[in-house]
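Residue numbers (the working numbering): 29 to 468.
See structure below.
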Amino acid sequence: MSALIIFGLLIALMLTGMPISISLGLTVLTFLFTMTEVPIDTVALKLFTGIEKFEIMAIPFFILAGNFLTHGGVAKRMINFATAMVGHWHGGLGLAGVIACALFAAVSGSSPATVVAIGSVILPAMVAQGFPKQFGAGVITTSGALGILIPPSIVMVMYAVATSGMQVPGPDGQIVDSASVGELFMAGVVPGLMLAGFLAFTTWYRARKFGYPRLAKANFGARWTAFREAIWGLLLIVVVIGGIYTGIFTPTEAAAMSAVYAFIVAVFVYKDMKLKDVPRVLLSSANMSAMLLYIITNAVLFSFLMAHEGIPQALGEWMVNAGLSWWVFLIIVNILLLAAGNFMEPSSIVLIMAPILFPVAVRLGIDPVHFGIMIVVNMEVGMCHPPVGLNLYVASGITRMGITELTVAVWPWLLTMLVFLLLVTYVPAISLFLPHLLGM
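Below is the structure:
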């Protein structure tokens with residue numbers, strides 16, 4: 029009964045057009061003050077302790093790094109490198125777009141940032157070369173989603189924060205800890221590269237089928253020059269992933285390192301950003317960080333209310349007692365998350381759903397890392413379909429295309445992503461191979 033009241037109130041507030049963060053906060057306060065006897069001190073304490081976690085500091089740093097890279101010429105050089113390597117294949121510039129998105133995703137951590145950085149450069153070039161605008165928009169909108177799957181990923185940090193401290197008994201009674209940010213980052217490497225391959229294949233197949241243009245094959249000298257120019261941006265991948273894997277620094281420290289490195293590369297190495305532009309980038313990053321931290325704070329309150337009312341535990345008991353198998357549960361989770369993606373953005377979905385679904389998943393024997401990667405892939409799909417797909421709106425701003433037209437343009441790649449989602453859901457080894465190999 030409590031669950032029905034809480035979610036009914038939340039949905040009612042969201043339907044009024046109220047921002048998700050305020051809807052969460054009002055739902056919690058209304059329920060606590062009218063239906064329980066929880067003291068106000070507890071609510072105030074939760075508001076502060078909710079964003080005290082060390083992992084949360086990674087979010088503003090990754091946002092800042094992504095903004096420096098977006099404005100600092102890194103994307104342009106990555107596109108030149110990718111074009112030199114695969115431009116002579118069918119749909120050359122489209123393939124270069126997929127690879128450039130994958131490379132930029134490995135340094136930015138944000139999906140919309142990837143779409144802006146790569147799309148604003150490569151889409152006009154594709155149209156000028158004779159590609160239909162719809163083809164280019166479909167490639168960049170979906171490939172930009174790699175920004176939250178290939179580490180570093182802000183959504184993975186959100187999942188780790190939402191489930192941190194949870195210790196749930198597994199099917200054998202042993203306590204299972206939540207996934208760490210480092211484990212999730214490593215787990216995202218293989219699925220990220222696989223999805224990039226899937227999207228590249230779809231791009232190549234459609235370009236070959238419809239006879240889209242190809243570039244002349246670049247010689248070794250041109251490839252070496254493109255690589256040398258892109259090396260400073262590519263080295264950031266080594267700094268972040270290598271640093272976390274070798275234990276030189278934690279994911280949060282890696283985020284801080286990437287922000288400093290991105291600043292130096294953008295301002296002093298490539299010199300595409302002037303020192304006078306830095307305050308504007310800092311302000312933009314602060315605005316985005318404040319918005320996300322406000323959502324996190326209210327989502328932590330919502331998780332506290334869920335736990336106080338025993339909703340995740342009751343749901344877990346019901347599913348286990350009903351004899352629900354793990355594979356049926358995963359189907360339900362996928363449908364639920366894809367449906368949520370129709371009217372909520374990824375951060376809110378992860379922060380609301382993960383604390384509820386995580387205990388049930390563990391009770392059914394699903395690995396926390398595998399479950400996290402599956403949620404992230406669901407968020408990728410949600411960013412590319414209407415009505416709230418962030419990537420669609422970002423791509424719409426770049427291409428000047430309507431959302432309906434863009435939705436038609438992305439469907440071949442969106443279908444590819446749904447096939448990949450099924451694969452990730454039911455083949456845990458895709459997510460767990462690298463963390464197990466590294467002894468995590």
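Don't be surprised by glycine CBs; every beta carbon is placed ideally from N, CA and C.
- One Cα belongs to residue 400, the other to residue 369, and the distance between them is close to 16 Å.
- 8 Å or more divides the Cβ of residue 343 from the Cβ of residue 34.
- Here residue 289 is actually not in contact with residue 100; their C-beta atoms are around 11 Å apart, not less than 8 Å.
- When C-alpha distances from residue 183 are compared across 376, 452, 435, 436, the shortest belongs to 376.
- Here DSSP, grouped into helix, strand and coil, assigns residue 195 to strand.
- In this structure, the beta-carbon distance from residue 52 to residue 287 does not fall below 8 Å.
- The beta carbons of residue 348 and residue 308 sit no closer together than 8 Å.
- Around the beta-carbon of residue 395, 16 or more other beta-carbon atoms lie within 10 Å, marking it buried.
- When DSSP states are grouped into helix, strand and coil, residue 66 belongs to the coil group.
- Shown here for residue 30: same chain residues with a beta carbon closer than 6 Å to its own, the five before and five after excluded, namely 337 in chain order.
- Rounded to the nearest whole angstrom, the C-alpha separation of residue 111 and residue 409 is 26 Å.
- CA-to-CA, the gap between residue 266 and residue 285 works out to about 12 Å.
- Linking residue 434 to residue 173 through their CA atoms gives a straight-line distance of about 15 Å.
- The Cβ atoms of residue 114 and residue 120 lie closer than 8 Å to each other.
- In this structure, residue 142 places its C-beta atom within 8 Å of the C-beta atom of residue 133.
- Annotation for residue 155: 161, 164 place their beta carbon closer than 7 Å to its own, counting only its chain and skipping 5 residues before and after.
- DSSP places residue 267 within a helical segment (H, G or I) once states are collapsed to three.
- If you check the CB distance, residue 460 and residue 378 do not come in under 8 Å.
- Taking 8 Å as the cut-off, the beta carbon of residue 431 is found closer than this to the beta carbon of residue 420.
- In this model, residue 178 and residue 216 are separated by some 6 Å (Cα to Cα).
- DSSP places residue 328 inside the alpha helix (DSSP H), whose first and last residues are 306 to 336.
- Considered as a whole, the segment 427 to 459 harbours 431 to 454 as its complete alpha helix (DSSP H) runs of no fewer than 4 residues, in chain order.
- Comparing alpha carbon positions, the residue from 49, 37, 301, 48 closest to residue 60 is 37.
- Contact annotation: residue 123 and residue 232 have beta-carbon atoms nearer than 8 Å.
- Nearest C-alpha to residue 362 among 350, 278, 448, 318: 448.
- Shortest Cα-Cα distance from residue 273 to any of 208, 312, 79, 319 involves 208.
- Here residue 97 is near residue 261, since their CB atoms are less than 8 Å apart.
- In the three-state scheme derived from DSSP, where H, G and I count as helix and E and B as strand, residue 79 is classed as coil.
- Taking the Cα of residue 454 as reference, the smallest distance to any Cα among 358, 464, 340 is reached at 358.
- Inclusion of residue 315 and residue 49 in the CB contact set at 8 Å is not warranted, their separation being larger than that value.
- As a beta-bridge residue in DSSP terms, residue 203 pairs with 197.
- Around the C-beta of residue 437, 16 or more other C-beta atoms lie within 10 Å, and the residue is accordingly described as buried.
- Only residues of its own chain outside the window of five on either side were considered, and among them 241 have a CB closer than 6 Å to the CB of residue 158, listed in chain order.
- In this structure residue 214 is in contact with residue 466, their Cβ atoms being roughly 6 Å apart against a cut-off of 8 Å.
- At a Cβ-Cβ threshold of 8 Å, residue 280 and residue 76 do not count as neighbours.
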